[in-house]
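Written out below as C-alpha cells is the structure these notes cover.
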Amino acid sequence: DYKDIATPVRTRMLLEKHGFSFKKSLGQNFLIDTNVINNIISASGITEQSGVIEIGPGMGSLTEQLAKRAKKVVAFEIDQRLIPVLEDTMSPYDNVTVINEDILKADVQQAIETHLHDCEEVLVVANLPYYITTPILMGLLEKHLPIKSYVVMMQKEVGERLSAKPSTKSYGSLSIAVQYYTTVEKVMIVPKGVFMPPPNVDSLVVKLTSLDQPAVQVEDEALFFKLTRGAFVQRRKTILNNYMSLIKDSKMHKESIINWLQSAGIEPTRRGESLTLQEFAELSNKFKENVE
Ligand code: SAM
C-alpha cells in the first residue's frame, strides 16, 4: 500500500517515475501536506452522494482523497503531461474522470450532465491555479451552474478580496460579484511551505456557498456588474467622477448623473468602496428611469 500522494516522499517518487518537471506558468504548486488536504475535505462537507468537480488535479494529491469519499469526481487538467501520471495514480479508483481541457474553455454544464447526473449535489473542491483564480470563479458563478458550494484554495490576497466588506482596502468589484452569488467564509490560511515547489505567496482556503437567490434584487445583471466595476476604476475618486468617465460617451450629463445618484440615496461625493451591494443594486435599478 502506497503513502498518500500529498507527502514529500510520494510526490518525489512520482516526479521521478514520470520524469515530470513543474511549469510555473501553469501555477503548478502541488500540495505535500495531508493535514491541509484533510481540512479542505472536511470544509467541503462531501458525502458518498456528492459529485465533485476539481480544477487542476496535478498528480492527484487532492483527487485521491475526494475519490475515497465522493460518489464521483470530475477533474479538469490542462497539462497533457499530467494525464499519464493521473492514469497511474488514479488507477485504484473507478469513480474519477479526468478531462484534459482548459477549465476556462470547458463546457462544465455538459460535464455535470454527463458524469454527475446521478449525484445528489455538485461541489467544487480545488487547489486553484492562482494565475487565473478570478476568471475561473467568475466564469463558474456567472453560468448559474447547479453547484452547491466551492471550497477553493487561492492566493491569500485574493481570498481576502472575496470576503471583504465595504470601506476596507480589499473591497472591490470582485467582492461584490462573489457576494452577489454566494456567502463567503474563510476556512484556513495555508503557509508556502506545504507546497512543492513553494509559491511566492501565502494561501487561503475559502468556502463559497451558493445562495438560492442573488443577495440583492437586480433588474439588469450586466448593468449592475458594469456599474460595480466602473465605481472602482479609480479608487480614490468619488463615485460621481468615476461614473462621469464611465458614461462619458453617452448623452448623460453631469446633472443627470447627480440626479440619478441622489434618486438612489447616494451622495455623489462618496467613494465606490463605501457602497454596499444593496446600494449598487439600487443604483442599477434606478439607472434606466434616469437616462431613458
Ligand atoms: N491539485 C494539485 C495539488 O493540490 O497538488 C495541483 C494544484 S496546482 C496549484 C494547479 C493545477 O492546475 C496544476 O496541475 C495545473 O497544471 C492546473 N491548471 C493550470 N491552468 C489550468 C487550466 N486553465 N485549466 C485546468 N487546469 C489548469
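At position 20 of the sequence shown (counting the first as 1) the number is 21 in UniProt numbering, and the numbers step up by one without a gap.
Note that CB positions come from ideal geometry on N, CA and C, so glycine has one too.
Taking all protein chains shown into account, decide if Tyr182 is buried (16 or more other Cβ within 10 angstroms of its Cβ) or exposed. buried
My understanding is that Gly61 touches Met14, with C-beta atoms under 8 Å, so please give their C-beta distance in whole angstroms. The Cβ separation is near 13 Å, so there is no contact.
What residue ranges within the region 77 to 127 form continuous beta strand (DSSP E) runs of no fewer than 3 residues, ordered along the chain? 97 to 100
Would you list the one or two residues that DSSP bridges to Phe31? Met197
Output the distance between the C-alpha atoms of Lys157 and Pro192, rounded to the nearest integer angstrom. Looking at the two C-alpha atoms, the distance is approximately 10 Å.
Can you grab the Cα-Cα spacing for the pair Thr134 / Met155, in whole Å? 7 Å
Looking at the secondary structure, which residues open and close the beta strand (DSSP E) in which Ile267 lies? Element bounds for Ile267: n/a, residue is neither H nor E.
Cβ-heavy atom distance, Asp80 to the ligand SAM, below 7 Å: yes
Is the CB-CB distance between Ile56 and Ile104 below 8 Å? yes
What distance in whole Å lies between the Cβ atoms of Val99 and Pro58, which are believed to be in contact at a cut-off of 8 Å? At roughly 7 Å, the Cβ-Cβ gap stays under 8 Å, so Pro58 and Val99 are in contact.
Output the boundary residues of the beta strand (DSSP E) element that contains Glu55. Per DSSP, the unbroken beta strand (DSSP E) holding Glu55 starts and ends at 51 to 56.
What residues in its chain sit with their C-beta under 6 Å from that of Asn40, if we drop five residues either side in the sequence? Met189
Flag this pair as touching only if the region 23 to 38 and the region 193 to 202 have three or more C-beta atom pairs under 8 Å; answer yes or no. yes
Do Pro130 and the ligand SAM come close, with the Cβ less than 7 Å from some heavy atom? yes
Run through DSSP, which three-state label would Arg13 get? helix
Given this structure, state the Cα-to-Cα distance separating Thr210 from Thr184, to the nearest angstrom. 5 Å
Any chance the CB of Asn40 is under 7 Å from a heavy atom of the ligand SAM? Outside the cutoff, so no.
Would you mind working out which of Arg272, Phe288, His19, Ser45 sits nearest Pro167, comparing C-alpha positions? Arg272
Should Gly57 be counted as a contact of the ligand SAM given a C-beta to heavy atom distance under 7 Å? Look at Gly57: its beta carbon is less than 7 Å from one of the heavy atoms in the ligand SAM.
Can we say the region 115 to 132 touches the region 46 to 54, given the rule of at least three CB pairs closer than 8 Å? yes
Let's see if you can read the secondary structure: which residues bound the beta strand (DSSP E) around Met189? 183 to 191
Does DSSP classify Lys73 as helix, strand or coil? strand
So, helix, strand or coil for Leu205, using DSSP? strand
Does the Cβ of Ile22 lie closer than 7 Å to at least one heavy atom of the ligand SAM? Looking at the sequence shown, residue 22 is not Ile but Ser. Every heavy atom of the ligand SAM is 7 Å or more from the Cβ of Ser22, so no.
Nearest-angstrom beta carbon gap, Val153 and Leu129 [assumed within contact, 8 Å]: 5 Å
Could you check what DSSP says for residue 298 in three-state terms: helix, strand or coil? Since the displayed the chain opens at 2 and closes at 293, residue 298 lies outside it and no answer follows.
Provide the residue span of the beta strand (DSSP E) that contains Tyr244, from first to last. That residue, Tyr244, is in no beta strand (DSSP E); its alpha helix (DSSP H) goes 240 to 247.
Could you check whether the Cβ of Asn260 sits closer than 7 Å to any heavy atom belonging to the ligand SAM? no
Using only CA atoms, which one of Ile84, Ile137, Tyr151 lies nearest to Ile47? Tyr151
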